[in-house]
Amino acid sequence: MTDREDILGPVGGGLAWISGDGPHADIILSTRIRLARNLERYPFRETITSPQQEMVAEDLLEAYRSAEPELGDTPHQFLRLVEMPDNQLTLLLERHLVSREMVKFKESAALLVGDEGRLSILVNEEDHLRIQVLTPGLQLDRSWDIAERTEGALRTRLKFAYHHRFGFLTSCPTNTGTGLRASVLIHLPGLVLTREIHKVLQGLSQIGLTFRGLYGEGSDVIGNYFQLSNQTTLGKGEEELVDHLAQITRQVIEYEENARQVLARDALDEIEDKVWRAYGLLTCARSISFDEMMNLLSAVRLGVSMKLLPDVGVDTLNELLLLTQTAHLERKTGRSLTKREREVARARLVREILENDRAEHEEFGDDEDEEAG
Numbered sequence: 079m080t081d082r083e084d085i086l087g088p089v090g091g092g093l094a095w096i097s098g099d100g101p102h103a104d105i106i107l108s109t110r111i112r113l114a115r116n117l118e119r120y121p122f123r124e125t126i127t128s129p130q131q132e133m134v135a136e137d138l139l140e141a142y143r144s145a146e147p148e149l150g151d152t153p154h155q156f157l158r159l160v161e162m163p164d165n166q167l168t169l170l171l172e173r174h175l176v177s178r179e180m181v182k183f184k185e186s187a188a189l190l191v192g193d194e195g196r197l198s199i200l201v202n203e204e205d206h207l208r209i210q211v212l213t214p215g216l217q218l219d220r221s222w223d224i225a226e227r228t229e230g231a232l233r234t235r236l237k238f239a240y241h242h243r244f245g246f247l248t249s250c251p252t253n254t255g256t257g258l259r260a261s262v263l264i265h266l267p268g269l270v271l272t273r274e275i276h277k278v279l280q281g282l283s284q285i286g287l288t289f290r291g292l293y294g295e296g297s298d299v300i301g302n303y304f305q306l307s308n309q310t311t312l313g314k315g316e317e318e319l320v321d322h323l324a325q326i327t328r329q330v331i332e333y334e335e336n337a338r339q340v341l342a343r344d345a346l347d348e349i350e351d352k353v354w355r356a357y358g359l360l361t362c363a364r365s366i367s368f369d370e371m372m373n374l375l376s377a378v379r380l381g382v383s384m385k386l387l388p389d390v391g392v393d394t395l396n397e398l399l400l401l402t403q404t405a406h407l408e409r410k411t412g413r414s415l416t417k418r419e420r421e422v423a424r425a426r427l428v429r430e431i432l433e434n435d436r437a438e439h440e441e442f443g444d445d446e447d448e449e450a451g
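Numbered per my numbering, the sequence shown spans residues 79 to 451.
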């Protein structure tokens, strides 16, 4: 087993979203659809008891196992968070498979997830269950299809809390209605460098969308990554919300591509220098913080997209973003690390992965040359 495989699996799995596949994968890291649902027969989180939460989990598992033949790409691991050590919980958090809220109230929380599956089900988070689909690139329609099929299969076996006027009822009123949160994790260095980003983000807030950082609500924006999502869940249908986000995301992609064209026209030397300096630091650094690495990876990703840096794959950059976080680094080393040890281990891992990636590209290029000859 390679180092990458050793760090990535099998705890939690669910890593299809970092594959680098999918439309616009150089700009859109991932797409997420999340549907919040509550069971009619149990109180919501503020008043539910621990025994009742256990019954929620049992009811969901029974319904899921009954529905499994209908679902196709299905989770098969059932993880009780209270039984997992803290480092494994952080691992799931880094993989976007659980939320901070879920880890905080882990006593009755559980997760259904598969090794490579796009689908996971969060149990006893803020709501009784949240169906989550994570896919690489811009795949809102496909992600919605998976979520809708899963929700429909469960709805025939479980009675969800629903009001004829307000729609699906949720613990937080802002989710009431469809219970849908659709989001894309998008990389926007061109808009940042051309100082157009604030105009674009302000425009989003005026049309029912919002933005957050890499890990959603309460997280900071680093590496020029923004999570764009719908703000409204009441008064509109799920398909309408998904289509709206898809339409606006395509517009933002167009703005970003236009900004990159401006940079290529007016500041190509500076951008090329920025890209290669970032690549040079990543391939030579002996110690590096996560924030610094994210900013350098952002420049490299921009260079790959603008074809200024040909020998790095988007999938490699996605893996680096994930594998260099604390829990994944500690999983590789097999022990807890101090801040200094993490920065040294992170730099070493970045060098190793980029060197392997470069060697793979060179080998592939040699094979092509031989075939051409």
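Where a beta carbon is used, it is the ideal one built from N, C-alpha and C, also for glycine.
All values derive from a computational prediction rather than experimental measurement.
Identified DSSP bridge partners for residue i
i: L263; result: S108, Q305
i: V340; result: Note: V340 sits in no beta bridge, so no partner.
i: G268; result: Partner(s): none; G268 has no beta bridge.
i: F246; result: Y240, G255
i: F289; result: L306
i: L117; result: F238
Nearest candidate by alpha-carbon position, reference residue i, set the options
i: E185; options: R220, A135, R227, L175; result: A135
i: I331; options: F304, Y357, T311; result: F304
i: K237; options: D99, R119, T394; result: R119
i: T168; options: V428, L407, E419, G230; result: L407
i: L386; options: A425, L398, S365, R338; result: R338
i: I105; options: E430, T404, A377, T411; result: A377
i: D389; options: E148, H241, W354; result: W354
i: I126; options: E203, D164, L189, K352; result: E203
i: I264; options: A145, S307, L107; result: L107
i: H242; options: S249, T256, E229; result: T256
i: A94; options: G315, N165, L175, R112; result: L175
i: S261; options: A345, K182, A187, R328; result: R328
i: K417; options: F368, S221, R436, V382; result: F368
i: S221; options: E146, A231, R112; result: R112
i: D219; options: L399, L395, P101; result: P101
i: V211; options: C250, R196, M133, D205; result: R196
i: R115; options: R409, L258, H322; result: L258
i: T228; options: P251, P163, A145, E172; result: A145
Buried or exposed (CB count within 10 angstroms, at least 16 for buried), residue i
i: R160; result: Before going on, a small fix: residue 160 reads as Val here, not Arg. That one is exposed.
i: D347; result: exposed
i: R208; result: buried
i: G192; result: buried
i: T402; result: buried
i: R420; result: buried
i: Q131; result: buried
i: F244; result: exposed
i: R110; result: buried
i: R379; result: buried
i: E397; result: buried
i: E433; result: exposed
i: T411; result: exposed
i: H154; result: exposed
i: F198; result: Sequence inspection shows Ser at residue 198; the Phe mentioned does not correspond to that position. Per the 10 Å Cβ criterion, buried.
i: D344; result: exposed
i: I85; result: Note that I85 scores a pLDDT of 43, beneath 50, so its modelled location is shaky; the value from the coordinates is reported in the next line. Buried.
i: Q217; result: buried
i: H276; result: exposed
i: A405; result: buried
i: I66; result: What the structure shows of the chain is the stretch from 79 to 451, and residue 66 is not part of that stretch, so it cannot be assessed.
i: G381; result: buried
i: A437; result: exposed
i: S283; result: exposed
Distance between beta carbons of residue j and residue i, contact taken as under 8 Å
i: V278; j: Y333; result: 6 Å
i: I300; j: G291; result: 7 Å
i: T254; j: T310; result: Not quite, the Cβ-Cβ distance comes to about 11 Å (not below 8 Å), so this is no contact.
i: Y240; j: L190; result: Y240 to L190, Cβ: 22 Å. No contact.
i: P267; j: I96; result: That belief does not hold up - the Cβ atoms of P267 and I96 are roughly 19 Å apart, past 8 Å.
DSSP three-state assignment for residue i, whether helix, strand or coil
i: S365; result: coil
i: P101; result: coil
i: T411; result: helix
i: A201; result: A quick correction: the sequence has Val, not Ala, at residue 201. Looking at V201 - three-state DSSP - the assignment turns out to be strand.
i: P214; result: strand
i: Q155; result: strand
i: V299; result: coil
i: L375; result: helix
i: V191; result: strand
i: L207; result: strand
i: G230; result: helix
i: R173; result: coil
i: R426; result: helix
i: L387; result: coil
i: I126; result: coil
i: M180; result: helix
i: G313; result: coil
i: R196; result: coil
i: A437; result: helix
i: Q329; result: helix
Heavy atom of the ligand NAP within 8 Å of residue i beta-carbon
i: L400; result: For the structure depicted, the ligand NAP is absent and the ligand set is empty, with no information on it obtainable.
Within-9 Å CB hit, residue i to chain D
i: L401; result: No chain D is part of this structure, which consists of one protein chain only.
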